[in-house]
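Peer 1:
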Amino acid sequence: MDAKRVSDVLSLAKMATSYRYDAADELWCEVTFKVPLAERKVDMTSVVEKEAKRTVLYQVPGISRCFLSESRELGQEGTMKLRFEGVNIQEMYNYADILRLNELYTNNIHAMAKTYGIEAACRVIVKEIRDVFMGYGIQVDYHHLSLVADYMTFEGEYKSFSRIGIESNASPLQKMTFETTMHFLKTATIQGACDELKSPSSRLITGRLVGVGTGAFDLVLPANKC
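Final position of the sequence shown in the working numbering is 226; the numbers increase by one with none missing.
1. Specify, as a first and last residue, the run of the alpha helix (DSSP H) that L204 falls within.
2. Which of the three DSSP states, helix, strand or coil, is assigned to V31?
3. Decide yes or no for the touch test of the segment 115-127 against the segment 76-85: beta carbon pairs closer than 8 Å, at least 3 of them.
4. For M176, is the classification buried or exposed, using 16 other Cβ atoms within 10 angstroms of its Cβ as the cut-off for buried?
5. Three or more C-beta pairs closer than 8 Å, one from the segment 19-30 and one from the segment 38-53: is that the case here?
6. Nearest by alpha-carbon distance to V148: which of E128, S202, E167 is it?
7. I need the straight-line Cα distance from E73 to D131, nearest angstrom please.
8. Counting only runs of 4+ residues fully inside the segment 165-196, write out the alpha helix (DSSP H) ranges in chain order.
9. So within the segment 54-100, which uninterrupted beta strand (DSSP E) runs reach at least 3 residues, ignoring any that extend past its ends?
10. Assuming F178 and I166 are in contact, meaning their beta carbons sit under 8 Å apart, how far apart are those beta carbons, in whole angstroms?
11. Below 8 Å, can you find three or more Cβ-Cβ pairs linking the segment 81-89 to the segment 98-114?
12. DSSP on A120, reduced to helix/strand/coil?
13. Of all the options C66, A170, S64, which has the alpha carbon lying nearest to the alpha carbon of G192?
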């Protein structure tokens, strides 16, 4: 046995007098405590339970716990799913012999973008938004969700659908129509920002046709027929 390991364990508790363990397979350990009879009674069961809860025998960084459950997803009823609290995608690759890695999924959008790319993160956004609405029995067309997800990821990174996420937009007028109008107006004035009136919001503000649908093209007639 490792003498340093024994010494470290015994130093954790004054009542511990001896410690031994299974050095070959590491399947068990034994700690002996010595309690004076004059001292008050000690409920060893509660002590052991308390220490066992905070003792880590084996852990995976980023994952706090896991549990096995049957899937309720359509078409996968009865399939066993291993679910985690936390995420460590790289560690899962070490268990390719027992896990179906092609079905690996996490709602951590940053982790999906970092591991599988921004398009995978875009799909996750659509699925998570749809699942939220489905919980209330609300059906939302895929095209609406994909439009939101595309806007959140078209720059190659995941950005929030908020006034913080729209900061990178090139159109000052479009940013003003979203939120905090005075903030964006003041910033545009100080920086001398220019709006080319190409975004739908900026064109609507100035009374112009939006460059989509019938407004996406011009009708030009020969001069001799006008």
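Virtual Cβ for every residue (Gly too), placed ideally from N, Cα, C.
As the structure is a prediction and not an experimental result, all values here were calculated from the model.
Peer 2: A quick look at the data gives this:
1. The residue you call residue 204 lines up with position 204 of the sequence shown. Its alpha helix (DSSP H) spans residues 200-205.
2. Working through the sequence shown from its first residue, we reach residue 31 at position 31. Strand, per DSSP.
3. no
4. As a first step, residue 176 is located in the sequence shown; it is residue number 176 there, counting from the start. Answer is buried; the Cβ neighbour count reaches 16.
5. no
6. The sequence position of residue 148 within the sequence shown is 148, counting from 1. Among E128, S202, E167, the Cα nearest to that of V148 is on E128.
7. As a working mapping, residue 73 is identified with position 73 in the sequence shown. As a working mapping, residue 131 is identified with position 131 in the sequence shown. Approximately 11 Å between the Cα atoms of the pair.
8. 172-178, 181-191
9. 63-70, 80-86
10. Walking along the sequence shown from the start, residue 178 turns up at place 178. Walking along the sequence shown from the start, residue 166 turns up at place 166. Contact flag correct, Cβ pair sits at about 5 Å.
11. yes
12. Within the sequence shown, residue 120 is the residue found at index 120, counting from 1. Reduced to three states, the DSSP call for A120 is helix.
13. Within the sequence shown, the letter at position 192 stands for residue 192. When only C-alpha atoms are compared, the closest one is A170.
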